[in-house]
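J.:
2 protein chains.
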Amino acid sequence: MEVKDITNRDQDFAKWYTDVCKKADLVDYSSVKGSMIIRPLGYAIWEEMVHVLDQKFKETGHENVQMPMFIPESLLNVEKEHVEGFAPEVAWVTMGGKEKLEERMCVRPTSEVLFCEHFKKIIRSYRDLPKLYNQWCTIVRWEKTTRPFLRSREILWQEGHTMHATAEEAKAETLRMFNIYREFQEEYLAMPVITGKKTEKEKFAGAEETYTIEAMMYDGYALQNGTSHYFGQHFAKAFDIEFVDANNKIDTPYQTSWGCTTRMIGGLIMTHSDNNGLVLPPKIAPWKVIIIPIGEVAERLATLEENLKSHHITYKIDNSNKTPGFKFAEAEVKGYPIRIELGERDLRNDEVTLVRRDTLEKTKVKFNEILPKVEELMETMQKDMYDRAKIRRDSMIYEAHTYDELKDIAKNKSGFIKINWCGDMACEDKIKEDTTLKSRCLIEDEVPDEVCVVCGKKAQTKLYIGRQY
Amino acid sequence: MEVKDITNRDQDFAKWYTDVCKKADLVDYSSVKGSMIIRPLGYAIWEEMVHVLDQKFKETGHENVQMPMFIPESLLNVEKEHVEGFAPEVAWVTMGGKEKLEERMCVRPTSEVLFCEHFKKIIRSYRDLPKLYNQWCTIVRWEKTTRPFLRSREILWQEGHTMHATAEEAKAETLRMFNIYREFQEEYLAMPVITGKKTEKEKFAGAEETYTIEAMMYDGYALQNGTSHYFGQHFAKAFDIEFVDANNKIDTPYQTSWGCTTRMIGGLIMTHSDNNGLVLPPKIAPWKVIIIPIGEVAERLATLEENLKSHHITYKIDNSNKTPGFKFAEAEVKGYPIRIELGERDLRNDEVTLVRRDTLEKTKVKFNEILPKVEELMETMQKDMYDRAKIRRDSMIYEAHTYDELKDIAKNKSGFIKINWCGDMACEDKIKEDTTLKSRCLIEDEVPDEVCVVCGKKAQTKLYIGRQY
């Protein structure tokens with residue numbers, strides 16, 4: 006692997022992105038068009054994400070289940086908006102062995118209808134509520150154009166599905182899980198995110214309200230990185246799900262669903278990585294440290310390994326017969342947060358060199374100071390990565406006060422634009438048609454202070470718009 | 006839920022089995038024929054299995070990856086034996102959205118061909134070997150008749166796929182992983198297993214050697230509960246995979262694969278469970294303890310919870326408004342290893358009642374002796390469950406010295422039969438035709454001491470035969 010093979014990020018961002026995915030050995034392609042192979046490092050990052058999120062879901066009372074991966078066509082058709090949203094992009098199984106199926110089945114693009122069918126069977130009384138379920142699985146959406154992690158025919162994800170006795174409880178759940186996503190992305194992925202409600206036009210097929218986590222990538226494009234939906238009684242009524250409430254009256258439960266995917270790995274890359282390859286925030290890196298022994302250092306290496314183990318700091322050692330220079334470059338491509346150069350010569354002065362991946366800054370420390378220094382560097386690096394991403398993100402948020410200004414920013418800048426909006430879908434459509442920008446989310450903590458930037462009527466809300474992956 | 010709804014195990018074993026699966030809330034059915042819903046308790050057991058096995062795989066140097074779930078027909082067709090073994094039972098995707106696919110794709114029934122295609126791309130030199138990969142995923146086999154966990158159209162499993170520079174190394178890997186399965190099932194699932202090589206007739210489609218883990222269920226039927234395959238260079242040659250060895254010569258690598266599935270949950274049930282429901286070995290139970298508070302015991306409950314938490318003993322509390330008797334029955338159905346009855350009246354004497362699930366034996370202990378007693382009971386229970394299963398299993402292994410004796414045992418007893426065998430597939434076929442019994446595995450640590458029980462020729466080996474799930 007040659008580092009120089011990575012395209013310059015500022016010259017061709019799209020090519021840079023796929024180069025990083027490939028050179029860092031995150032993914033590979035196969036003869037299965039539109040699907041990707043997730044290689045060991047890519048999958049290990051996903052396992053870290055799963056581990057943290059799964060714990061947060063369980064701490065908030067959720068239980069994991071596993072639904073079938075197929076959906077019979079008649080079941081998908083039960084909820085009209087939903088089927089219209091998904092039917093055009095599903096994979097259909099029509100044959101089992103040598104026999105044609107009586108009814109074709111799609112590979113789940115999402116599992117609302119499967120959960121609803123199950124909820125109908127297991128919910129009888131208010132005592133059965135809430136039902137707080139989650140599922141880790143693979144879904145399929147038959148995309149035409151695909152990119153590693155961002156848009157793929159197969160997606161690894163989790164989907165939460167919950168049922169509640171009251172609308173208030175379901176709405177609180179929608180926001181609770183939305184906040185878990187936000188906290189996770191800010192704290193672990195060091196990604197500053199913009200959060201809010203989707204417009205009617207952009208919400209999930211079948212939802213009453215969709216809350217979205219929008220991250221801004223290095224190139225100013227938005228990545229929708231997790232959504233949480235409040236369904237009200239919409240699906241429950243379509244599926245005829247009822248329960249007896251505490252007063253012995255028949256009622257219909259209120260529902261939520263929420264999901265995030267391997268797309269977050271794409272978001273990580275496009276937020277933090279650079280021309281030398283992957284840069285991983287220490288809190289999500291599967292291996293925090295890469296040790297590169299140079300010369301005869303076996304004894305010190307053994308001591309260092311013991312110390313790292315006893316502090317539960319995960320590490321890898323590059324013991325290959327490549328040159329140190331090559332190993333340094335490879336360690337950079339693969340994004341280990343801290344590189345420890347354990348050199349025979351340095352060790353004569355009882356010193357080792359630590360290199361943090363984000364800034365490539367080198368520090369010499371005494372051998373017995375490695376551990377506290379590694380811990381300090383990881384903490385600083387995590388914070389610095391978030392801060393840098395936030396400063397960059399904030400510098401790419403623009404305000405448009407007139408429609409000409411909006412078009413001008415859309416043409417000459419990349420990033421999010423904040424506008425005043427009347428709430429009319431026609432204005433939203435016009436923006437998209439004129440600029441290709443779509444609504445990201447409503448800005449709920451700011452009061453509209455001007456007229457709608459498109460039609461000049463009274464504004465109902467402020468809104469972020471932007472281009473998206 | 007009424008315990009009396011569980012069919013008696015000795016009257017109708019098949020119905021008892023599905024009753025336990027349903028009443029313990031392990032699974033449910035849906036409109037997706039042949040697939041099952043794995044409910045929270047069933048999935049939590051699978052998560053425990055995954056957790057322990059995944060750790061063992063990683064400790065032995067394996068890395069997790071994720072391959073596509075689809076296999077284009079032409080790729081499945083590369084290896085002839087393999088496609089003949091699997092093509093009759095795959096699900097075919099023929100449409101993507103509204104368009105007919107140019108080439109249909111099956112949902113993976115197993116992923117040898119996908120791994121081979123990838124190995125061909127990433128293996129160049131002996132330095133790239135071994136490649137030790139594993140994947141946790143769902144596979145699909147279009148079964149006609151299905152039973153929860155035992156035979157399902159969708160199966161959750163892991164599949165290991167490894168490539169090695171030498172045959173010796175690959176054979177050692179085949180046995181290493183085989184031994185991990187055996188140890189796991191004996192130590193965690195408390196299941197005594199019979200292990201050995203499959204006959205030519207029964208081995209995996211495309212393998213040189215298949216090693217199998219065979220557990221005997223309560224009814225004497227065998228459950229194949231994990232297999233490890235040595236492929237030699239079979240697939241590697243079909244896929245044209247080559248590497249440059251240390252002497253700069255071109256060679257073909259040697260391959261293994263190994264897998265185990267949610268079927269192990271079925272094995273657990275059919276080995277240990279009883280007429281009151283599920284019985285889980287403590288080491289695999291997601292929750293070791295169920296606490297049933299009776300009366301006003303909030304303060305003691307809080308102390309008990311703290312103690313269990315500090316000892317990392319997982320537990321649930323039944324705080325519902327059902328009667329204690331109902332709660333006891335439900336705790337039994339769901340298989341919690343230890344039940345703690347925390348009663349107001351008993352606590353006046355500073356006592357609580359512990360009940361172990363396998364024997365339903367009750368013990369009164371002082372409140373501050375709960376922890377050591379729970380730990381002691383779990384250890385004893387784990388050991389006792391294994392011992393009981395082994396005694397029962399051993400009592401159902403028969404030896405047949407003549408073919409009449411074989412037929413007589415096959416007709417009147419259920420269990421495994423040990424025979425001397427000439428090694429000829431014709432004799433194996435005859436046994437199957439006359440008795441429905443199939444080969445379980447070769448007995449490699451016993452020397453044949455009689456002639457072949459079928460044809461009377463010189464025996465090559467001893468062999469276990471039996472009926473199977």
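Here the protein sequences come in this chain order: L and V. For the first sequence, the numbering used here gives the first residue as 6, with consecutive numbering after it. For the second sequence, the numbering used here gives the first residue as 6, with consecutive numbering after it. Note that the Cβ used here is the ideal one computed from N, Cα and C, for glycine as well.
Whole-angstrom Cβ separation of threonine 99(L) and methionine 100(V), contact assumed at under 8 Å?
T.: About 7 Å separates the two Cβ atoms, so the contact holds.
J.: Kindly indicate which three-state DSSP category cysteine 460(V) falls into: helix, strand or coil?
T.: Coil.
J.: Mark lysine 20(V) as exposed unless 16 or more other C-beta atoms lie within 10 angstroms of its C-beta, in which case mark it buried.
T.: Exposed: under 16 other Cβ atoms inside 10 Å.
J.: Assuming alanine 210(V) contacts glycine 90(V) under a Cβ cut-off of 8 Å, what Cβ separation, rounded to an integer in Å, is found between them?
T.: Contact holds; Cβ gap of about 2 Å.
J.: Under the three-state reduction of DSSP, which class applies to glutamate 148(V): helix, strand or coil?
T.: Looking at glutamate 148(V) - three-state DSSP - the assignment turns out to be coil, as it is neither helix nor strand.
J.: So, with DSSP's three-state summary, where would you put glutamine 473(L)?
T.: Here glutamine 473(L) sits in strand by DSSP.
J.: Could you tell me the distance, in whole angstroms, from the CA atom of leucine 352(L) to the CA atom of leucine 283(L)?
T.: C-alpha separation (whole angstroms): 29 Å.
J.: Which two residues bound the contiguous alpha helix (DSSP H) that contains phenylalanine 183(L)?
T.: Unbroken alpha helix (DSSP H) run through phenylalanine 183(L): 172 to 192.
J.: Taking the alpha-carbon of proline 258(V) as reference, which of Thr167(V), Glu374(V), Leu81(V) has the nearest alpha-carbon?
T.: Ranking the options by Cα distance to proline 258(V), first place goes to Thr167(V).
J.: In the DSSP assignment, the alpha helix (DSSP H) including phenylalanine 331(L) goes from what residue to what residue?
T.: Start and end: 329 to 338.
J.: Is arginine 441(V) helix, strand or coil when you go by DSSP?
T.: Here residue 441(V) turns out to be threonine, not arginine, going by the sequence shown. Correct three-state label for threonine 441(V): coil.
J.: Within 9 Å (strictly less), CB to CB, does arginine 132(V) reach chain L?
T.: Taking Cβ atoms only, chain L reaches closer than 9 Å to arginine 132(V), which makes this a yes.
J.: Just to make sure I have the definition right: I need the residues of chain L whose C-beta is within less than 7 Å of the C-beta of arginine 528(V). Which are they?
T.: It is not possible to answer for residue 528(V), since the shown part of chain V is limited to 6 through 474.
J.: With a threshold of 8 Å on Cβ separation, who are the neighbours of isoleucine 127(V) within its own chain once the five nearest residues in sequence on each side are excluded?
T.: These residues qualify, in order along the chain: Asp133, Lys136.
J.: Could you give the first and the last residue of the continuous beta strand (DSSP E) run that contains glycine 348(L)?
T.: That run of the beta strand (DSSP E) goes 343 to 348.
J.: Quick check on aspartate 454(V): does DSSP put it in helix, strand or coil?
T.: If DSSP states are grouped into helix, strand and coil, aspartate 454(V) belongs with coil.
J.: Could you please give the first and the last residue of the uninterrupted beta strand (DSSP E) stretch that includes threonine 167(L)?
T.: Counting along the chain, the beta strand (DSSP E) containing threonine 167(L) begins and ends at 159 to 169.
J.: Are glutamine 71(L) and tryptophan 51(V) closer than 9 Å when you measure CB to CB?
T.: The answer is yes: Cβ separation under 9 Å.
J.: Within the chosen definition, does the stretch 429 to 436 of chain L reach the stretch 256 to 275 of chain L through at least 3 CB pairs nearer than 8 Å?
T.: With a cut-off of 8 Å, the stretch 256 to 275 of chain L and the stretch 429 to 436 of chain L do not count as touching, because too few Cβ pairs lie within range.
J.: Return the residues of the stretch 81 to 105 of chain L that lie within a Cβ-Cβ distance of less than 9 Å from chain V, sorted by chain order.
T.: Per Cβ criterion, the list reads Ala92, Pro93, Glu94, Val95, Ala96, Trp97, Val98, Thr99, Met100, Gly101, Gly102, Lys103, Glu104.
J.: State the Cα-Cα distance for the pair leucine 155(V) and glutamate 349(L), rounded to the nearest angstrom.
T.: Computed Cα separation, rounded: 58 Å.
J.: So who's on the other strand from isoleucine 295(V), going by DSSP bridges?
T.: Lys321(V), Arg344(V), per the DSSP bridge assignment.
J.: Beta-carbon within less than 7 Å of threonine 171(V)'s beta-carbon, same chain only, minus the 5 sequence neighbours each way: which residues are those?
T.: The answer, listed in chain order, is Tyr259.
J.: Give a yes or no on whether the minimum CB-CB distance between tryptophan 263(V) and chain L is below 9 Å.
T.: For tryptophan 263(V), the answer is no, since every Cβ of chain L falls outside 9 Å of its Cβ.
J.: For the alpha helix (DSSP H) that contains isoleucine 50(L), what are its first and last residues?
T.: Counting along the chain, the alpha helix (DSSP H) containing isoleucine 50(L) begins and ends at 45 to 64.
J.: Quick one: using the 10 Å Cβ neighbour count with 16 as the cut-off for buried, is asparagine 417(L) buried or exposed?
T.: The residue is exposed, with fewer than 16 neighbouring Cβ atoms inside 10 Å.
J.: Is there at least one Cβ from chain L nearer than 9 Å to serine 233(V)'s Cβ?
T.: No, serine 233(V) does not count as interfacial toward chain L.
J.: Pick helix, strand or coil for arginine 425(L), following the three-state DSSP scheme.
T.: Contrary to the premise, residue 425(L) reads as asparagine rather than arginine in this sequence. Asparagine 425(L): strand per DSSP, three-state reduction.
J.: Could you tell me the boundaries of the alpha helix (DSSP H) in which proline 377(V) lies?
T.: Run containing proline 377(V): 375 to 400, per the alpha helix (DSSP H) assignment.
J.: Are threonine 143(L) and cysteine 26(V) touching if we call contact CB-CB under 9 Å?
T.: No; because the gap between Cβ atoms is not below 9 Å, this pair is not in contact.
J.: Determine whether the Cβ of leucine 155(V) lies closer than 9 Å to any Cβ atom of chain L.
T.: For leucine 155(V), the answer is no, since every Cβ of chain L falls outside 9 Å of its Cβ.
J.: Once DSSP output is grouped into helix, strand and coil, what is the label at methionine 74(V)?
T.: Looking at methionine 74(V) - three-state DSSP - the assignment turns out to be coil, as it is neither helix nor strand.
J.: For alanine 290(V), I'd like the list of residues in its chain whose CB is within less than 6 Å of its CB, leaving aside the five on either flank, ordered along the chain.
T.: So the list reads Pro342, once near-sequence residues are dropped.
J.: Taking Cβ positions only, does aspartate 33(V) come closer than 9 Å to chain L?
T.: Yes, because at least one Cβ of chain L sits closer than 9 Å to the Cβ of aspartate 33(V).
J.: Quick check: what's the CA-CA separation for serine 325(L) versus phenylalanine 331(L)?
T.: For serine 325(L) and phenylalanine 331(L), the distance between alpha carbons rounds to 10 Å.
J.: At which residue ranges does the stretch 91 to 159 of chain V contain complete beta strand (DSSP E) runs of 3 or more residues, listed in the order of the chain?
T.: Runs of the beta strand (DSSP E) inside the stretch 91 to 159 of chain V: 96 to 101, 104 to 112, 136 to 145.
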